[in-house]
Amino acid sequence: MIVLALPRGGVPVGYEVAQALSVPMDVLLVRKLGMPGQEELAMGAIAGGDVVLNEDVVRHIPQDDVAAVIRRESSELRRRDAAYRSGRPVAEIEGRIVIVVDDGLATGASMRAAVQALRPRNPKKIVVAVPIAPRSTRREFAMIVDEIACLVTPEPFSAVGRAYKDFTQVSDDQVRSLLR
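Be aware that the sequence shown starts at 196, since it is given in the numbering used here, and climbs by one per residue.
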């Protein structure tokens with residue numbers, strides 16, 4: 196069993212899950228693809244070279260703009276890989292139970308890309324674990340992963356950050372520290 200945390204916000208949550216289960220933790224590098232001019236709104240995500248796009252959103256955006264966002268976020272993934280791994284290889288997951296952790300799900304675009312990137316690596320089982328998600332997103336994930344663990348599904352759902360007393364940005368230094 197291994198915990199794979201989505202940086203940056205998923206790393207502190209993943210760390211606690213890994214400690215509670217006494218299993219190793221690594222990062223699974225994923226980047227949300229924010230809509231040009233509205234970066235908080237996900238038009239998709241990228242993980243391990245896999246791009247997952249929300250076709251309902253991207254059909255209204257010029258393809259050159261979509262490609263530019265993909266290039267920018269791919270560059271950030273390479274930077275984070277160098278910053279977080281420090282030369283360590285990607286964790287082996289074939290035949291293992293993989294618990295993929297984030298700080299919460301809203302649209303689920305980043306987690307969908309993460310799951311898509313993991314499938315070809317042949318894990319024994321994929322479990323998505325998050326503290327908060329809307330009911331609709333939780334239902335979607337129940338159909339695409341082996342198991343989903345989600346503590347709260349508030350209705351109406353407004354934002355992941357509402358579930359936290361402190362939802363400040365997690366720094367690269369904090370990520371590196373928790374990975375050590």
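Yeah, the Cβ is synthetic: ideal placement off N, Cα and C, and Gly gets one too.
Residue environment for P351: exposed (fewer than 16 other C-beta atoms within 10 angstroms of its C-beta). In the structure shown, the three-state DSSP call for Q364 is coil. With contact defined as three or more Cβ pairs closer than 8 Å, the stretch 335 to 347 and the stretch 302 to 309 are in contact.
Put simply, the backbone Cα of V370 is about 7 Å away from that of R203.
Two segments are said to touch when three or more pairs of C-beta atoms, one from each, lie closer than 8 Å; by this definition the stretch 283 to 292 does not touch the stretch 230 to 242. With distances taken between CA atoms, V252 lies nearest to M230 out of G209, A242, M230, G243. Under the DSSP assignment, R283 falls outside any beta strand (DSSP E); it carries neither an H nor an E label.
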